[in-house]
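> Dumping the structure here so I can ask a few things about it.
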Amino acid sequence: MTYHPNLDPELRAAIEAAPMPVVDLAAMTLEDLRARRAEADAFVAAVPRPETGVTIEDRHVPGPDDAPEVRVRIYRPAGGGGERPGLYWIHGGGMIMGSPEFDDAMMIDYVERLGLVAVSVDYRLAPEHPHPAPVEDCYAGLVWTAKSAAELGIDPARLAVGGASAGGGLAAATVLLARDRGGPDVAFQLLLCPMLDDRDATHSSEQHADAVVWNRSANRYGWRALLGERAGGPDVSPYAAPARAEDLSGLPPAFIDVGEVEVFRDEDMDYAVRLARAGVSTEFHLYPGAFHGFDMMVPGAALSLRAREARIAALRRAYGV
């Protein structure tokens with residue numbers, strides 16, 4: 001594979017030393033996808049959990065109307081206590097893969113460093129469960145978290161919503177739903193390389209069609225799985241693709257980051273600018289030479305360390321800790 005000339009040298013060296021296979025999602029059957037999910041789940045299950053005093057608990061909580069319960073994974077700091085900051089987290093996976101367990105290490109790190117309580121939602125996946133099932137599961141989990149704040153030890157005035165990749169797009173959509181449905185109150189939104197726009201019409205989607213990890217073909221597959229034939233058409237809800245939202249006013253302060261050499265670059269930059277123009281306090285980071293998910297794929301790289309510290313710093317400011 002030929003990598004983009006702007007790719008960060010340290011990231012380039014890491015992926016050249018251990019090349020990542022290119023998966024043609026478009027050629028996959030549903031059975032292939034399910035097998036790949038099972039392989040990913042088995043891989044994650046085999047990774048040793050970090051040594052930690054953080055307690056982890058799974059619960060099933062009320063889902064959307066006329067839908068199954070939703071599993072949430074709760075991370076609490078050692079020592080318990082109440083009135084802590086809260087982070088409601090939504091995992092990535094292109095709308096088609098993933099689970100809360102994928103982000104165990106990240107949630108443990110946030111809990112240990114910030115003293116917060118994290119709640120991660122296991123939403124239904126496309127294509128078996130197209131829009132609006134995933135975002136409605138995410139919203140139902142947020143409603144439960146806010147209602148259960150006292151029991152969870154969360155200060156309801158310091159409840160943030162965050163997510164990465166598809167989870168970042170779902171986080172943005174969940175925050176839009178919370179605004180439009182009159183609650184729950186969200187203090188901050190942490191959107192990491194979010195998947196926001198189904199239209200596949202930005203310069204970066206063309207410029208980085210062969211991007212590392214998540215390329216243009218994979219992105220089209222994810223949106224088609226979520227939206228079917230509606231993907232890219234005129235009748236897509238902003239609760240599916242937040243870039244479609246015409247009004248971004250009245251939303252909580254936001255942090256958005258994205259890599260320079262990835263498909264989501266332009267849609268994320270545009271969303272950050274539109275938030276700021278709508279009067280929403282917004283912090284935005286464009287990481288030079290970074291590909292999608294670089295901080296997870298090459299966690300020890302200097303750029304990855306910078307990105308993680310910027311997110312921690314943003315949460316500290318949002319929580320006042």
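Mapping to UniProt numbering: the sequence shown position 10 is 10, numbers consecutive. Idealized CB from N, CA, C, for every residue including glycine. Here the structure is a predicted model, which is why all the values come from computation and not from measurement.
1. Between R230 and P238, is the Cβ-Cβ spacing less than 7 Å?
2. Rounded to the nearest angstrom, how far is the Cβ of A211 from that of E262, given a contact under 8 Å?
3. Using C-beta distances below 6 Å, list every residue in its chain close to A133, excluding the 5 sequence neighbours before and after it, in chain order.
4. Could you pull the DSSP bridge partners for F284 from this structure?
5. In chain order, what residues of the same chain have a beta carbon less than 8 Å from the beta carbon of D266, not counting five sequence neighbours either side?
6. Would you list, in sequence order, the uninterrupted beta strand (DSSP E) runs of no fewer than 3 residues that lie entirely inside the segment 187-212?
7. Just to check my reading of the structure: L196 and Y271 have Cβ atoms closer than 8 Å, yes? What is that Cβ distance to the nearest angstrom?
8. What number of angstroms, rounded off, separates the C-alpha of D198 from the C-alpha of D185?
9. By the three-class DSSP mapping on this structure, what secondary structure does D185 have?
10. DSSP on residue 325, reduced to helix/strand/coil?
11. Going by the DSSP bridge assignment, what does V72 pair with across the sheet?
12. Sorted by chain position, which residues of the same chain lie with C-beta nearer than 7 Å to R49's C-beta, five sequence neighbours on each side aside?
13. So, is D32 buried or exposed, given that buried needs 16 or more other C-beta atoms within 10 angstroms?
14. Report buried or exposed for P194, applying the criterion of at least 16 other Cβ atoms within 10 angstroms of its Cβ.
15. For I96, which three-state DSSP category applies?
16. Quick one: residues in its chain with C-beta nearer than 7 Å to the C-beta of residue 333, no 5 flanking neighbours on either side, listed in chain order?
17. Helix, strand or coil: which one does DSSP assign to R36?
18. If you drop the 5 nearest sequence neighbours on each side, which residues of the same chain put their C-beta closer than 6 Å to that of D284?
19. Suppose contacts are defined by Cβ-Cβ distances below 7 Å. Is A126 in contact with M97 by that definition?
20. Considering G86, what are the terminal residues of the beta strand (DSSP E) in which it resides?
21. Check this for me: beta carbons of R84 and V111, under 7 Å apart or not?
22. Pairs of beta-carbons, one from the segment 54-69 and one from the segment 137-145, closer than 8 Å: are there three or more?
23. Using only CA atoms, which one of L286, V280, Y221 lies nearest to A27?
24. Which residue wins for smallest C-alpha separation from R224, given the options R158, A241, L275, R317?
25. Quick check on P134: does DSSP put it in helix, strand or coil?
26. Alpha carbon to alpha carbon, what distance is there between G167 and I90?
27. Which residue marks the beginning of the alpha helix (DSSP H) containing A218, and which one marks its end?
28. P156 by DSSP, collapsed to three states: which one?
29. Counting C-beta neighbours from all protein chains within 10 Å, is the total for D295 16 or more, i.e. buried, or is it exposed?
30. I need the straight-line Cα distance from T52 to G115, nearest angstrom please.
31. Since E101 is in the alpha helix (DSSP H), which residue starts that stretch and which ends it?
32. What number of angstroms, rounded off, separates the C-alpha of A307 from the C-alpha of R12?
33. Quick check: what's the CA-CA separation for D24 versus H131?
Quick look at the numbers:
1. Contact flag unset, no.
2. Cβ-Cβ separation between A211 and E262: approximately 5 Å, consistent with a contact (criterion under 8 Å).
3. By the criterion of a C-beta distance shorter than 6 Å, A133 is surrounded in its chain by R124, once the five residues flanking it on both sides are discounted.
4. Answer is I256.
5. So the list reads T202, H203, S204, S205, once near-sequence residues are dropped.
6. Qualifying beta strand (DSSP E) stretches, in chain order: 188-192.
7. Indeed, because the Cβ distance is near 6 Å, the residues count as touching under 8 Å.
8. One alpha carbon belongs to D198, the other to D185, and they sit about 27 Å apart.
9. Secondary structure at D185: coil, using DSSP grouped into helix, strand and coil.
10. Here the chain has residues from 1 to 321 only, and residue 325 is not among them.
11. According to DSSP, residue pairing for V72 in a beta bridge involves R59, V121.
12. D104, listed in sequence order.
13. D32 is exposed by the Cβ-count criterion.
14. Buried.
15. Here I96 sits in coil by DSSP.
16. The structure shown does not extend to residue 333, since the chain is modelled only from 1 to 321, so the question has no answer here.
17. In the structure shown, R36 sits in a helix (DSSP, three-state: H, G or I).
18. A quick correction: the sequence has Phe, not Asp, at residue 284. Excluding sequence neighbours, F284 sits near I256, A272.
19. Contact flag unset, no.
20. Its beta strand (DSSP E) spans residues 84-90.
21. Going by C-beta atoms, R84 is not nearer than 7 Å to V111.
22. With a cut-off of 8 Å, the segment 137-145 and the segment 54-69 count as touching, because enough Cβ pairs lie within range.
23. Taking the Cα of A27 as reference, the smallest distance to any Cα among L286, V280, Y221 is reached at Y221.
24. Across the set R158, A241, L275, R317, the C-alpha of A241 shows the shortest separation from the C-alpha of R224.
25. Looking at P134 - three-state DSSP - the assignment turns out to be helix.
26. The C-alpha of G167 is placed about 5 Å away from the C-alpha of I90.
27. Membership of A218 in the alpha helix (DSSP H) is indicated by the continuous run 216-227.
28. Looking at P156 - three-state DSSP - the assignment turns out to be strand.
29. The residue is buried, with at least 16 neighbouring Cβ atoms inside 10 Å.
30. For T52 and G115, the gap between their C-alpha atoms comes out near 13 Å.
31. In this chain, E101 is not harboured by any alpha helix (DSSP H), its DSSP state being neither H nor E.
32. When the Cα atoms are used, A307 and R12 turn out to be separated by approximately 17 Å.
33. Between D24 and H131, the C-alpha separation is close to 23 Å.
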